[in-house]
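A.B. asks: Residues in the sequence shown are numbered from 1 upward in steps of one, following UniProt numbering.
Note that beta-carbon positions come from the ideal geometry of N, C-alpha and C, so glycine has one too.
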Amino acid sequence: MDSHPPERGAKPKSNRNKQQSQHIVRKLPPRVTNDKRNNIYITSKSDFKAQQKRCEDLLNAGTKEIYLHCMGYSITRGLTLALRLIDNSDGALSYAINTSTIKLVDELHPLCDEDDITYRQRNNSALHIKIFNNSLFDIVVPKLPAQTSCTEVNIKKPQKKQK
């Protein structure tokens, strides 16, 4: 009598859980395309204060822009870090945000020795935050070509045709 009706909108059962119970999933880290000094990768495992200090040290050392890269669960942490850096700068910093989807690879190690290691691809959301210095002193104004004065220019008046 106390049986509960099935929930509406619940996901149907699949055989994915059976497949995962026979394997140990090892999530591989994403590939780093370029390892410049001004790229900072935000993770949930690293210390937030240390990441903030590293960003502030880079910006105070004269770096004009830094890039914060974060994925999945650490996106809120990256946004918090970016907003804290901008608030502490007294209007000297600005930001630009881009989103993307990153393909990740998981290794499925079998529990028995008869099977081989298999790979599974999955997508994860990513956020890339560019923090740059918008100081007025860094603006480069291009030089204009020299202007000719009116005295140097010969002005010709149109002549009337004679009949």
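List the endpoints of the continuous beta strand (DSSP E) containing N98.
C.D. replies: Element bounds for N98: L93 to P110.
A.B. asks: Would you report the Cα separation of residue 203 and N88, rounded to the nearest angstrom?
C.D. replies: As shown, the chain starts at 1 and ends at 163. That puts residue 203 outside it, with no answer to give.
A.B. asks: At what residues does the beta strand (DSSP E) containing N124 begin and finish?
C.D. replies: T118 to N133
A.B. asks: Quick one: residues in its chain with C-beta nearer than 7 Å to the C-beta of K130, no 5 flanking neighbours on either side, listed in chain order?
C.D. replies: E65, Y67, Y95 and A96
A.B. asks: To the nearest angstrom, report how far apart L85 and N60 are at their CA atoms.
C.D. replies: 12 Å
A.B. asks: Express the C-alpha separation of C55 and I40 in angstroms, rounding to a whole number.
C.D. replies: The alpha-carbon of I40 is positioned some 8 Å away from that of C55.
A.B. asks: On the premise that S74 lies in contact with I24, defined as a C-beta separation below 8 Å, what is that separation, rounded to the nearest angstrom?
C.D. replies: The C-beta distance from I24 to S74 rounds to 24 Å, too long to fall under 8 Å, and the pair is not in contact.
A.B. asks: Evaluate P145 with the Cβ neighbour count: other Cβ atoms within 10 Å of its Cβ, from every protein chain shown; 16 or more gives buried, anything less gives exposed.
C.D. replies: exposed
A.B. asks: By alpha-carbon positions, which one of R37, T101, S44 and H128 ends up nearest to A82?
C.D. replies: The candidate whose alpha carbon is nearest that of A82 is H128.
A.B. asks: Tell me, please, which residues DSSP counts as bridged to L68.
C.D. replies: According to DSSP, L68 shares a beta bridge with I40 and I129.
A.B. asks: For T63, which residues of its own chain have a beta-carbon under 6 Å away from its beta-carbon, when the five flanking residues on both sides are left out?
C.D. replies: N38
A.B. asks: Please list, in chain order, all residues of the same chain as G78 whose beta carbon is under 7 Å from its beta carbon, the five residues on each side excluded.
C.D. replies: Setting aside the 5 residues that flank it on each side, G78 is surrounded in the same chain by I42, L68, C70, L127 and I129, each with a C-beta closer than 7 Å to its C-beta; the list follows chain order.
A.B. asks: Measure the C-alpha to C-alpha separation of T99 and G72 and round it to an integer number of angstroms.
C.D. replies: Computed Cα separation, rounded: 11 Å.
A.B. asks: State the Cα-Cα distance for the pair residue 164 and D115, rounded to the nearest angstrom.
C.D. replies: Any property of residue 164 remains undetermined from this structure, which presents the chain solely from 1 to 163.
A.B. asks: Starting from the C-beta of K103, find all residues in its chain whose C-beta is less than 7 Å away, skip the five residues before and the five after it, and write them out in chain order.
C.D. replies: Q121 and N123
A.B. asks: What does the alpha-carbon distance come out to for the pair A50 and K36?
C.D. replies: 18 Å
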